[in-house]
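Undergrad: Got a structure for you, questions after.
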Amino acid sequence: MQHKKGTHPVRNTILVMLLLLIIGGLAYGMSRYRSLKNSVNSSFKASGLTKERNVTNQLSSKKPISILLLGTDTGSFGRSDRGRTDSMMVVTINPKINKTTVTSVPRDTAVSIPGYTSDSPSKINAAYAWGGTKTTIKTVQKMLNIPIDFYALVNLGGLKKVVNKVGGVDVTPTLSFSNLGYTFKKGIKTHMNGKKALAYVDMRYKDPQGDYGRQTRQRSVLMAIVHKTGSVSALLNQEFIDSISSETQTDLTFDDLTMIAKDYRTATKNVKQTHLQGTGKELNDQSMEVMKKSELQRVTNFIRNGLSLSYKKTGSIAVFSSTNSKSKSRSSSSSSTGTNATTANSGTNNSDYGYGY
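Okay, structure coming up:
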(Lines of atoms letter the chains of each structure in order from A and count residues from 1; the text may use other names and numbers.)
(Lines give C-alpha, C1' and ligand atoms only; values in the text may rest on other atoms or scores of the structure.)
Protein backbone atom coordinates (compact mmCIF):
# COMPACT_ATOMS: atom_id res chain seq x y z
CA MET A 1 0.00 0.00 0.00
CA GLN A 2 1.39 3.37 -1.00
CA HIS A 3 0.97 6.63 0.91
CA LYS A 4 -0.43 9.57 -0.94
CA LYS A 5 2.02 12.38 -1.30
CA GLY A 6 2.72 14.38 1.83
CA THR A 7 0.79 12.14 4.19
CA HIS A 8 3.37 10.97 6.73
CA PRO A 9 6.74 12.76 6.46
CA VAL A 10 8.78 13.70 9.53
CA ARG A 11 8.21 17.27 10.69
CA ASN A 12 10.79 17.75 13.44
CA THR A 13 12.10 21.14 12.31
CA ILE A 14 11.83 22.69 15.74
CA LEU A 15 14.20 20.02 17.10
CA VAL A 16 16.63 20.83 14.32
CA MET A 17 16.46 24.50 15.26
CA LEU A 18 16.84 23.67 18.94
CA LEU A 19 19.82 21.40 18.42
CA LEU A 20 21.44 23.86 16.04
CA LEU A 21 21.07 26.61 18.63
CA ILE A 22 22.60 24.32 21.23
CA ILE A 23 25.43 23.01 19.07
CA GLY A 24 26.11 26.47 17.66
CA GLY A 25 26.20 27.76 21.20
CA LEU A 26 28.02 30.97 21.83
CA ALA A 27 30.06 30.71 18.65
CA TYR A 28 27.72 33.13 16.91
CA GLY A 29 27.17 35.38 19.92
CA MET A 30 24.05 35.76 21.98
CA SER A 31 23.44 39.22 20.54
CA ARG A 32 22.72 37.61 17.19
CA TYR A 33 20.21 35.28 18.78
CA ARG A 34 18.45 38.18 20.48
CA SER A 35 18.01 39.89 17.12
CA LEU A 36 15.80 36.96 16.15
CA LYS A 37 13.80 37.00 19.38
CA ASN A 38 10.54 38.37 18.03
CA SER A 39 10.44 35.88 15.17
CA VAL A 40 11.15 32.91 17.42
CA ASN A 41 8.62 34.00 20.02
CA SER A 42 5.94 34.36 17.36
CA SER A 43 5.73 30.55 17.40
CA PHE A 44 5.02 30.50 21.15
CA LYS A 45 1.77 28.94 22.32
CA ALA A 46 1.12 27.57 25.79
CA SER A 47 -0.28 24.04 25.89
CA GLY A 48 -2.93 24.95 28.46
CA LEU A 49 -1.78 22.14 30.74
CA THR A 50 -0.33 22.86 34.17
CA LYS A 51 3.26 21.69 34.11
CA GLU A 52 4.28 18.94 36.52
CA ARG A 53 7.56 20.70 37.34
CA ASN A 54 8.82 24.24 37.72
CA VAL A 55 10.48 24.50 34.31
CA THR A 56 11.92 27.95 35.02
CA ASN A 57 13.76 26.47 37.97
CA GLN A 58 14.86 23.47 35.90
CA LEU A 59 16.53 25.76 33.36
CA SER A 60 17.99 28.31 35.76
CA SER A 61 19.44 25.51 37.90
CA LYS A 62 20.78 23.67 34.84
CA LYS A 63 18.71 20.61 35.70
CA PRO A 64 17.66 17.98 33.13
CA ILE A 65 14.71 18.88 30.91
CA SER A 66 12.34 16.98 28.63
CA ILE A 67 10.77 18.10 25.35
CA LEU A 68 7.92 16.36 23.52
CA LEU A 69 8.41 16.74 19.76
CA LEU A 70 5.39 16.40 17.51
CA GLY A 71 5.06 16.41 13.73
CA THR A 72 1.81 17.06 11.88
CA ASP A 73 0.51 17.88 8.40
CA THR A 74 -2.39 20.32 8.58
CA GLY A 75 -1.35 23.28 6.44
CA SER A 76 -1.03 26.46 8.50
CA PHE A 77 -1.66 26.27 12.25
CA GLY A 78 -4.57 28.69 11.85
CA ARG A 79 -6.66 25.90 10.32
CA SER A 80 -9.39 24.35 12.45
CA ASP A 81 -8.78 20.78 11.26
CA ARG A 82 -5.79 19.79 13.35
CA GLY A 83 -5.27 16.34 11.96
CA ARG A 84 -3.26 13.70 13.79
CA THR A 85 0.38 13.72 14.78
CA ASP A 86 2.47 11.44 12.58
CA SER A 87 5.75 11.81 14.45
CA MET A 88 6.31 11.79 18.20
CA MET A 89 9.61 11.86 20.10
CA VAL A 90 10.50 12.46 23.73
CA VAL A 91 13.87 14.21 24.09
CA THR A 92 15.74 14.62 27.37
CA ILE A 93 18.78 16.88 27.76
CA ASN A 94 20.84 16.35 30.90
CA PRO A 95 23.82 18.67 31.47
CA LYS A 96 24.61 16.99 34.78
CA ILE A 97 25.70 13.77 33.09
CA ASN A 98 26.26 15.28 29.61
CA LYS A 99 23.69 13.05 27.96
CA THR A 100 20.78 13.50 25.55
CA THR A 101 18.17 10.82 24.87
CA VAL A 102 15.70 10.56 21.99
CA THR A 103 12.77 8.15 22.30
CA SER A 104 10.42 7.55 19.38
CA VAL A 105 6.81 6.67 20.15
CA PRO A 106 4.90 4.84 17.38
CA ARG A 107 1.94 6.83 16.08
CA ASP A 108 -0.27 3.73 16.32
CA THR A 109 0.47 2.96 19.99
CA ALA A 110 -2.74 1.71 21.63
CA VAL A 111 -3.82 3.82 24.62
CA SER A 112 -6.81 5.08 26.53
CA ILE A 113 -6.64 8.83 25.85
CA PRO A 114 -7.50 10.94 28.93
CA GLY A 115 -10.90 12.55 28.49
CA TYR A 116 -11.83 10.18 25.68
CA THR A 117 -11.97 6.82 27.45
CA SER A 118 -15.27 5.91 25.78
CA ASP A 119 -13.30 5.60 22.53
CA SER A 120 -10.65 3.30 24.02
CA PRO A 121 -8.50 1.76 22.84
CA SER A 122 -7.32 4.51 20.49
CA LYS A 123 -4.14 5.28 18.58
CA ILE A 124 -1.97 7.75 20.44
CA ASN A 125 -1.85 10.07 17.43
CA ALA A 126 -5.57 10.79 17.92
CA ALA A 127 -4.78 12.69 21.12
CA TYR A 128 -3.75 15.81 19.20
CA ALA A 129 -6.73 15.66 16.82
CA TRP A 130 -9.15 15.35 19.72
CA GLY A 131 -7.61 17.56 22.39
CA GLY A 132 -4.62 19.41 20.94
CA THR A 133 -1.22 19.65 22.60
CA LYS A 134 -2.78 19.68 26.08
CA THR A 135 -4.28 16.21 25.65
CA THR A 136 -1.22 14.91 23.80
CA ILE A 137 1.15 15.91 26.60
CA LYS A 138 -1.20 14.49 29.23
CA THR A 139 -1.42 11.21 27.30
CA VAL A 140 2.36 10.77 27.01
CA GLN A 141 2.90 11.67 30.67
CA LYS A 142 0.29 9.19 31.88
CA MET A 143 1.36 6.47 29.48
CA LEU A 144 4.99 6.44 30.61
CA ASN A 145 4.84 8.15 34.02
CA ILE A 146 7.30 10.86 33.01
CA PRO A 147 7.21 14.68 33.19
CA ILE A 148 7.08 16.67 29.96
CA ASP A 149 8.62 20.11 30.49
CA PHE A 150 8.13 21.58 27.01
CA TYR A 151 6.58 20.66 23.70
CA ALA A 152 7.36 21.58 20.09
CA LEU A 153 5.02 21.01 17.15
CA VAL A 154 6.12 21.45 13.55
CA ASN A 155 4.24 21.22 10.28
CA LEU A 156 5.00 19.69 6.87
CA GLY A 157 6.76 22.65 5.27
CA GLY A 158 9.41 22.94 7.95
CA LEU A 159 11.68 19.99 7.16
CA LYS A 160 11.73 20.74 3.45
CA LYS A 161 12.75 24.35 4.12
CA VAL A 162 15.53 23.36 6.52
CA VAL A 163 17.03 20.76 4.17
CA ASN A 164 16.95 23.16 1.24
CA LYS A 165 18.40 25.99 3.31
CA VAL A 166 21.50 23.99 4.23
CA GLY A 167 22.00 22.95 0.60
CA GLY A 168 20.68 19.43 1.03
CA VAL A 169 21.95 16.55 3.15
CA ASP A 170 23.86 13.34 2.52
CA VAL A 171 22.19 10.21 3.90
CA THR A 172 23.00 6.53 3.42
CA PRO A 173 19.70 4.64 2.98
CA THR A 174 19.04 1.66 5.22
CA LEU A 175 17.15 -0.20 2.46
CA SER A 176 16.38 0.03 -1.24
CA PHE A 177 12.99 1.41 -2.33
CA SER A 178 11.23 3.95 -4.54
CA ASN A 179 8.78 6.55 -3.27
CA LEU A 180 7.14 9.68 -4.66
CA GLY A 181 9.25 9.54 -7.83
CA TYR A 182 12.62 9.02 -6.07
CA THR A 183 14.72 5.86 -5.86
CA PHE A 184 16.98 4.99 -2.93
CA LYS A 185 19.67 2.27 -2.86
CA LYS A 186 20.69 0.57 0.35
CA GLY A 187 24.20 1.47 1.48
CA ILE A 188 24.72 4.12 -1.22
CA LYS A 189 25.25 7.62 0.15
CA THR A 190 22.62 9.87 -1.43
CA HIS A 191 22.38 13.64 -1.60
CA MET A 192 18.85 14.79 -0.83
CA ASN A 193 17.12 18.12 -1.27
CA GLY A 194 13.98 18.92 0.70
CA LYS A 195 11.55 16.99 -1.48
CA LYS A 196 13.79 13.95 -1.72
CA ALA A 197 14.35 13.92 2.04
CA LEU A 198 10.58 13.95 2.58
CA ALA A 199 10.22 11.05 0.14
CA TYR A 200 12.90 9.13 2.07
CA VAL A 201 11.25 9.52 5.47
CA ASP A 202 7.68 9.27 4.18
CA MET A 203 7.66 5.61 3.12
CA ARG A 204 6.35 3.10 5.65
CA TYR A 205 4.53 0.15 4.09
CA LYS A 206 7.46 -1.03 1.96
CA ASP A 207 9.74 -1.09 4.98
CA PRO A 208 9.89 -4.58 6.57
CA GLN A 209 10.09 -2.83 9.95
CA GLY A 210 7.04 -0.70 9.24
CA ASP A 211 6.78 2.51 11.21
CA TYR A 212 9.84 1.54 13.27
CA GLY A 213 11.99 1.63 10.14
CA ARG A 214 10.51 4.99 9.25
CA GLN A 215 11.44 6.33 12.67
CA THR A 216 15.05 5.27 12.07
CA ARG A 217 15.08 7.12 8.74
CA GLN A 218 13.57 10.19 10.37
CA ARG A 219 16.37 10.33 12.92
CA SER A 220 19.07 9.81 10.28
CA VAL A 221 17.87 12.82 8.25
CA LEU A 222 17.56 14.89 11.40
CA MET A 223 21.11 14.15 12.49
CA ALA A 224 22.42 14.76 8.94
CA ILE A 225 21.00 18.28 9.14
CA VAL A 226 22.41 18.90 12.59
CA HIS A 227 25.90 17.72 11.71
CA LYS A 228 26.22 19.32 8.30
CA THR A 229 29.10 21.76 8.06
CA GLY A 230 27.91 25.34 7.96
CA SER A 231 24.31 24.48 8.78
CA VAL A 232 24.24 26.67 11.88
CA SER A 233 25.25 29.84 10.07
CA ALA A 234 22.89 29.01 7.20
CA LEU A 235 19.88 28.78 9.48
CA LEU A 236 20.55 31.56 11.98
CA ASN A 237 19.26 34.45 9.92
CA GLN A 238 16.14 36.58 10.11
CA GLU A 239 14.77 35.61 6.70
CA PHE A 240 14.87 31.89 7.40
CA ILE A 241 13.42 32.16 10.92
CA ASP A 242 10.57 34.27 9.53
CA SER A 243 9.91 31.70 6.79
CA ILE A 244 9.34 28.81 9.20
CA SER A 245 7.62 30.68 12.02
CA SER A 246 4.22 29.74 10.59
CA GLU A 247 5.26 26.08 10.49
CA THR A 248 6.16 25.74 14.17
CA GLN A 249 4.40 25.99 17.51
CA THR A 250 6.04 25.58 20.92
CA ASP A 251 6.01 26.70 24.54
CA LEU A 252 9.78 27.18 24.42
CA THR A 253 10.52 30.89 24.42
CA PHE A 254 13.54 32.51 22.86
CA ASP A 255 15.00 33.04 26.33
CA ASP A 256 14.51 29.33 27.08
CA LEU A 257 16.40 28.43 23.92
CA THR A 258 19.28 30.77 24.69
CA MET A 259 19.58 29.28 28.19
CA ILE A 260 19.70 25.81 26.65
CA ALA A 261 22.28 26.97 24.11
CA LYS A 262 24.44 28.34 26.89
CA ASP A 263 24.12 25.66 29.55
CA TYR A 264 23.04 22.42 27.87
CA ARG A 265 24.98 22.09 24.62
CA THR A 266 27.68 19.74 25.96
CA ALA A 267 24.95 17.18 26.64
CA THR A 268 24.20 16.88 22.91
CA LYS A 269 27.60 15.35 22.22
CA ASN A 270 26.39 12.10 23.80
CA VAL A 271 23.06 11.07 22.24
CA LYS A 272 21.33 7.79 23.05
CA GLN A 273 18.31 6.71 21.01
CA THR A 274 15.56 4.14 21.43
CA HIS A 275 11.95 3.50 20.49
CA LEU A 276 8.89 1.94 22.05
CA GLN A 277 8.52 -1.49 20.40
CA GLY A 278 5.11 -3.11 20.14
CA THR A 279 3.22 -5.84 18.33
CA GLY A 280 0.69 -5.13 15.59
CA LYS A 281 -2.91 -5.97 16.57
CA GLU A 282 -6.41 -5.34 15.25
CA LEU A 283 -8.34 -3.44 17.93
CA ASN A 284 -11.61 -1.56 17.40
CA ASP A 285 -11.26 -2.40 13.70
CA GLN A 286 -7.94 -0.54 13.51
CA SER A 287 -4.33 -1.64 13.28
CA MET A 288 -2.59 -0.63 16.49
CA GLU A 289 0.71 -1.28 18.24
CA VAL A 290 0.29 -3.04 21.58
CA MET A 291 3.16 -3.01 24.07
CA LYS A 292 4.38 -5.55 26.57
CA LYS A 293 4.25 -4.15 30.08
CA SER A 294 7.97 -4.86 30.40
CA GLU A 295 8.64 -2.77 27.27
CA LEU A 296 6.64 0.14 28.66
CA GLN A 297 8.68 -0.09 31.86
CA ARG A 298 11.95 -0.24 29.92
CA VAL A 299 11.16 2.99 28.09
CA THR A 300 9.94 4.64 31.29
CA ASN A 301 13.25 3.72 32.91
CA PHE A 302 15.21 4.99 29.90
CA ILE A 303 13.54 8.40 29.94
CA ARG A 304 13.54 8.80 33.72
CA ASN A 305 17.24 7.87 33.83
CA GLY A 306 17.85 10.52 31.18
CA LEU A 307 16.24 13.01 33.54
CA SER A 308 18.13 11.69 36.61
CA LEU A 309 14.80 10.77 38.21
CA SER A 310 14.24 7.86 40.57
CA TYR A 311 12.52 4.64 39.53
CA LYS A 312 8.76 4.59 39.18
CA LYS A 313 6.38 2.08 37.67
CA THR A 314 5.33 2.79 34.11
CA GLY A 315 2.07 4.61 33.45
CA SER A 316 -1.50 3.40 33.49
CA ILE A 317 -3.15 4.13 30.13
CA ALA A 318 -1.27 2.13 27.48
CA VAL A 319 -2.84 -1.11 26.32
CA PHE A 320 -0.49 -3.90 27.29
CA SER A 321 -0.35 -7.44 25.98
CA SER A 322 -0.98 -10.66 27.88
CA THR A 323 -0.22 -14.25 26.99
CA ASN A 324 -3.75 -15.70 26.97
CA SER A 325 -5.30 -13.49 24.30
CA LYS A 326 -7.31 -14.81 21.39
CA SER A 327 -7.58 -11.46 19.61
CA LYS A 328 -6.62 -11.09 15.97
CA SER A 329 -2.96 -10.33 15.32
CA ARG A 330 -1.34 -9.05 12.16
CA SER A 331 2.17 -10.13 11.22
CA SER A 332 5.05 -7.70 11.63
CA SER A 333 8.74 -8.48 11.30
CA SER A 334 9.51 -5.65 13.70
CA SER A 335 7.07 -6.80 16.36
CA SER A 336 7.65 -8.81 19.51
CA THR A 337 6.52 -12.41 19.29
CA GLY A 338 4.13 -14.50 21.33
CA THR A 339 1.94 -11.63 22.61
CA ASN A 340 -1.68 -10.68 22.17
CA ALA A 341 -3.93 -7.95 23.53
CA THR A 342 -7.37 -7.01 24.83
CA THR A 343 -8.83 -3.93 26.46
CA ALA A 344 -11.41 -3.07 29.06
CA ASN A 345 -13.42 -0.69 26.90
CA SER A 346 -13.44 -2.05 23.36
CA GLY A 347 -16.35 -4.44 23.62
CA THR A 348 -14.08 -7.43 22.93
CA ASN A 349 -12.84 -10.08 25.35
CA ASN A 350 -11.88 -7.99 28.36
CA SER A 351 -9.88 -10.74 30.05
CA ASP A 352 -7.33 -10.94 27.26
CA TYR A 353 -5.66 -7.58 27.71
CA GLY A 354 -5.67 -4.42 29.80
CA TYR A 355 -4.02 -1.15 30.66
CA GLY A 356 -0.63 -0.71 32.29
CA TYR A 357 -1.76 -0.36 35.85
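The sequence shown begins at 441 in the working numbering and counts up one residue at a time.
Heads up, the beta-carbon is just placed ideally off N, CA and C, and yes, glycines get one too.
1. Considering only the beta carbon of each residue, do Thr543 and Thr656 sit closer than 8 Å?
2. Can you name, in chain order, every residue of its own chain whose Cβ lies under 7 Å from the Cβ of Asn494, other than the five neighbours on each side?
3. How many angstroms separate the CA atom of Val480 from the CA atom of Met699?
4. Would you check if there are 3 or more beta carbon pairs closer than 8 Å linking the stretch 641-658 to the stretch 613-627?
5. Given a cut-off of 8 Å, decide if Ala758 and Asn534 are closer than it, judged by their beta-carbon atoms.
6. Considering Cα atoms alone, identify which of Asn538, Lys636, Ala664, Phe694 is closest to Asn710.
7. Going by DSSP, what residue range makes up the beta strand (DSSP E) through Lys629?
8. Rounded to whole angstroms, what's the CA-CA distance from Leu749 to Ala592? Just pull it up for me.
9. Any idea if Gly464 is buried or exposed, counting beta-carbon neighbours within 10 angstroms, 16 or more meaning buried?
10. Would you list, in sequence order, the uninterrupted alpha helix (DSSP H) runs of no fewer than 4 residues that lie entirely inside the stretch 608-643?
11. So, at 6 Å on beta carbons, what are the nonlocal neighbours of Thr549 in its own chain, with the 5 sequence-adjacent residues on each side left out?
12. Do Thr532 and Leu747 have their beta-carbon atoms positioned less than 8 Å apart in this structure?
13. Can you name the residues that DSSP bridges to Glu492?
14. Please look up how many angstroms separate the CB atoms of Asn604 and Gly650, rounded, as I've assumed it's under 8 Å.
15. Starting from the N-terminal side, write out each stretch of the beta strand (DSSP E) that is 3 residues or longer and does not extend beyond the stretch 537-572.
16. DSSP state of Ile505, grouped into three classes?
17. Within 10 angstroms of its Cβ, does Asn619 collect 16 or more other Cβ (buried), or is it exposed?
TA: Short version:
1. No, the Cβ-Cβ distance between Thr543 and Thr656 is not below 8 Å.
2. So the list is empty, once near-sequence residues are dropped.
3. One C-alpha to the other measures close to 14 Å.
4. Output reads yes: the stretch 613-627 touches the stretch 641-658.
5. No, these two residues do not count as a Cβ contact at 8 Å.
6. The shortest C-alpha separation from Asn710 is found at Asn538.
7. Looking at the DSSP string, Lys629 is not in any beta strand (DSSP E), and its letter there is neither H nor E.
8. Rounded to the nearest angstrom, the two C-alpha atoms are 22 Å apart.
9. Low confidence applies here, because Gly464 scores a pLDDT of 45, under 50, leaving its location unreliable and the question unanswered by this model.
10. Those alpha helix (DSSP H) runs which fall completely within the stretch 608-643 and span 4+ residues are 634-642.
11. Hits under 6 Å: Ile564, Glu729.
12. Against a cut-off of 8 Å, the Cβ pair of Thr532 and Leu747 comes out as a contact.
13. Partner(s): none; Glu492 has no beta bridge.
14. Not really, about 29 Å apart at Cβ, beyond 8 Å.
15. The stretch 537-572 contains these whole beta strand (DSSP E) runs: 539-544.
16. Three-state result, Ile505: strand.
17. With 16 or more Cβ atoms within 10 Å of its Cβ, Asn619 is classed as buried.
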